[in-house]
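First comes the structure, then the notes that go with it.
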Amino acid sequence: MNGLILSGSKNVFEVECDDGYIRDCAIKGKILKASEGYYNPLAPGDIVTLDDSTLEDDKGMITDLVPRKNRFVRWNIKKKEPQILAANLDYLLIVTTPDNPPFRPRFVDRAIAQAEYEGITPVIVCNKYDINAAREEEFQDRLEVWENAGYKVIRSSARTGEGMEELANLIENHLSAFVGQSGVGKSSIINVLDNTVVLKTGSLSQKYGKGCHTTTKGTLIHLQIDEALVGGIKGTTANIIDTPGVRRFLLNDISPENLALYFREFVPFIGKCNYGMSCSHTHEKGCAIIQAVEEGKISPLRYDSWMRICEEMKSGSFED
Ligand SMILES: Nc1nc2c(ncn2[C@@H]2O[C@H](COP(=O)(O)OP(=O)(O)OP(=O)(O)O)[C@@H](O)[C@H]2O)c(=O)[nH]1
Ligand SMILES: [Zn+2]
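Per the UniProt record's numbering, the very first residue in the sequence shown carries number 1; after that it's consecutive.
Next comes the structure, spelled out in structure tokens:
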């Protein structure tokens, strides 16, 4: 039988099995090959195979991992290992705010780059759009820069409901993961999309005798989207992985030399510099990327962001 990983830590995983039961499962025998070198072997969104012969009503053993479509990974600076936050995603919803917590465009740019690297579609959800700081020019400019580069930006407020229909229509029938700093409003958004979710997770925990909803680990949640958000249609669902709020988001598996490949609007110019692929795009004469910045084809804000992320990767020191 197969199952879907809802949550888990290093050893025990909550698996929603094809027969509808949710079981606590450990991995049978050695670690899974596909996950060697990672902090966690499995993540919410993973599909696994269970050992039929040892299956109990509430327990089981994981024998295999069904190959992933993609996975969203971050470098876990404390554990010094890459950490898989979610697997098999359709969208990565990068939640940010104009203020409170402070706007961190580079957090968003890093998350976009990592999503591009993994082949996941990133979407920027600018929550708390109701607050005054959202009116500031610098902030508005950034949102436009992302839009001009080809990314979808949803201006949302869990407080006023703005943008919630747009978000609901995007995520319906898909699997998406939220990433963002702590306090940007991920849980609040989920509660607006489905105001029964708290109740539902509560009864689920009760049924299985444990409190499974902590914010320290990612959890896959089945949403029944509020019908008012989807044109009055009942029974619209979406799957969401709520990842723990992170203060910093560090890139994994991407080198400073390759970073430009994951800045979408840089790609048409890569390889066209006078020094070809050995160009560092920082000072060289005849650099196609610098020229694109000068001609307004690449935003100076994104170029600056790219340069700072390159520098922090080389130096190993991170500001925000
Ligand atoms: N003004 C305003 N406040 C909001 C909005 N969304 C959330 N908040 C507030 O922001 C605070 C943090 O919201 P949460 O939903 O707990 O944030 P979170 O991203 O889930 O935080 P973590 O669980 O720590 O990762 C709460 O006090 C919310 O009431 C919004 O759209 N506008
Ligand atoms: Zn160049």
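All C-beta atoms in this analysis are idealised placements derived from N, C-alpha and C, irrespective of residue type, glycine included. All of these numbers come straight from a predicted model, not from anything done at the bench.
T236 versus G276: straight-line alpha-carbon distance, rounded: Numbered from 1 along the sequence shown, position 236 holds the residue referred to as residue 236. Numbered from 1 along the sequence shown, position 276 holds the residue referred to as residue 276. T236 and G276 have their alpha carbons spaced roughly 50 Å apart.
query: Touch check for the region 114-131 and the region 302-311: three-plus C-beta pairs under 8 Å?
result: Below 8 Å, too few C-beta pairs join the region 114-131 and the region 302-311 to call them touching: fewer than three.
- request: Please name the residue or residues paired with P67 in a DSSP beta bridge.
  value: Position 67 of the sequence shown, counted from the start, is the residue given in the question as residue 67. Answer is none; P67 lacks a bridge partner.
- prompt: Which same chain residues, not among the five before or five after T215, have their C-beta less than 6 Å away from its C-beta?
  reply: What you label residue 215 is simply residue 215 of the sequence shown in a count that begins at 1. The predicted position of T215 is uncertain, since its pLDDT is 47 and thus under 50; a value taken from the coordinates is nonetheless stated next. The beta carbon of T215 lies closer than 6 Å to those of P244 in the same chain, with the five residues before and after it left out.
Which of helix, strand or coil DSSP assigns to P44: By one-based count along the sequence shown, residue 44 stands at place 44. If DSSP states are grouped into helix, strand and coil, P44 belongs with coil.
query: Just checking, does the region 143-152 make contact with the region 122-130 on the three C-beta pairs under 8 Å criterion?
result: Verdict: yes, contact present.
Segment limits, beta strand (DSSP E) that includes C17: Along the sequence shown, read from residue 1 onward, the residue named residue 17 stands at position 17. Start and end: 12-17.
message: Using a 10 Å radius around the Cβ and a threshold of 16 neighbouring Cβ atoms, would you call L288 buried or exposed?
response: Residue mapping note: residue 288 aligns to position 288 of the sequence shown, counting from 1. It should be noted that the sequence gives Ala, not Leu, for residue 288. Residue environment for A288: buried (at least 16 other C-beta atoms within 10 angstroms of its C-beta).
field: Stretch pair the region 31-46 + the region 82-101: three plus CB contacts closer than 8 Å
entry: The region 31-46, when compared against the region 82-101, does touch it at the 8 Å Cβ threshold.
message: Please classify A228 as buried or exposed, where buried requires at least 16 neighbouring CB atoms within 10 angstroms.
response: If you number the sequence shown from 1, residue 228 lands on position 228. Per the 10 Å Cβ criterion, exposed.
query: Under 9 Å between the Cβ atoms of L92 and V179?
result: In the sequence shown, counting from the first residue as 1, residue 92 sits at position 92. In the sequence shown, counting from the first residue as 1, residue 179 sits at position 179. Result yes, Cβ atoms of L92 and V179 sit closer than 9 Å.
- request: Could you pull the start and end residues of the beta strand (DSSP E) that D242 belongs to?
  value: Taking the first residue of the sequence shown as position 1, residue 242 is located at position 242. Membership of D242 in the beta strand (DSSP E) is indicated by the continuous run 237-242.
Unbroken beta strand (DSSP E) run spanning D24, endpoints: In the sequence shown, the residue the question calls residue 24 occupies position 24. That run of the beta strand (DSSP E) goes 22-27.
query: Under a three-way DSSP split, which group does Q181 fall into?
result: By 1-based counting over the sequence shown, the position of residue 181 is 181. Q181: coil per DSSP, three-state reduction.
- request: From the DSSP output, in three-state form, read off A149 for me.
  value: Indexing the sequence shown from 1 puts residue 149 at position 149. DSSP places A149 in the coil class of the three-state scheme, outside both helix and strand.
- request: Leaving aside the five residues before and after D130 along the sequence, list all residues of the same chain whose C-beta is less than 6 Å from its C-beta, in chain order.
  value: Residue numbering aside, residue 130 sits at position 130 when the sequence shown is read from its first letter. The beta carbon of D130 sits closer than 6 Å to the beta carbons of S157, R159, T160 from its chain, once the five residues preceding and following it are set aside; these are given in chain order.
- prompt: What residues in its chain sit with their C-beta under 8 Å from that of V230, if we drop five residues either side in the sequence?
  reply: Residue mapping note: residue 230 aligns to position 230 of the sequence shown, counting from 1. Excluding residues within five positions, the ones whose Cβ falls inside 8 Å are E165, A168, N169, E172, T236.
- prompt: Closer than 8 Å: is that where the CB of V108 sits relative to any heavy atom of ligand 1?
  reply: Looking up residue 108 in the sequence shown gives position 108. Closer than 8 Å to some heavy atom of ligand 1: that does not describe the Cβ of V108.
- request: Rank N70, Q224, N191, N100 by C-alpha distance to the C-alpha of I233 and give the top, closest one.
  value: The count along the sequence shown starts at 1 and reaches residue 233 at position 233. Answer by Cα proximity: Q224.
Simplified DSSP assignment, three categories, for A86: Against the sequence shown, residue 86 aligns to sequence position 86. A86: strand per DSSP, three-state reduction.
message: If distances are taken between C-alpha atoms only, which option among E257, V267, N239 comes closest to S278?
response: Here residue 278 refers to the residue found at position 278 of the sequence shown. Nearest option by C-alpha distance: E257.
Contacting residues, own chain, Cβ-Cβ under 7 Å from D194 (five flanking each side not counted): Here the question's residue 194 lines up with position 194 in the sequence shown. Excluding residues within five positions, the ones whose Cβ falls inside 7 Å are L223, Q224, I225, D226.
message: Following a CB-centred definition, is E257 positioned closer than 8 Å to any heavy atom of ligand 2?
response: On the sequence shown, position 257 is the one that residue 257 refers to. Result no, Cβ not under 8 Å from ligand 2.
message: Check this for me: beta carbons of C17 and G8, under 9 Å apart or not?
response: Counted from its first residue, the sequence shown places residue 17 at position 17. Counted from its first residue, the sequence shown places residue 8 at position 8. No, they are not a contact pair.
6 Å Cβ shell around K33 - same chain, five flanking residues per side excluded: In the sequence shown, the residue the question calls residue 33 occupies position 33. For K33, where only same-chain residues beyond five positions count, there are no Cβ hits under 6 Å.
field: Contacting residues, own chain, Cβ-Cβ under 7 Å from I27 (five flanking each side not counted)
entry: Here residue 27 refers to the residue found at position 27 when the sequence shown is read from its first residue. Setting aside the 5 residues that flank it on each side, I27 is surrounded in the same chain by P41, I62, each with a C-beta closer than 7 Å to its C-beta; the list follows chain order.
- request: Provide the residue span of the alpha helix (DSSP H) that contains C273, from first to last.
  value: On the sequence shown, position 273 is the one that residue 273 refers to. Per DSSP, C273 is not a residue of any alpha helix (DSSP H), being assigned neither H nor E.
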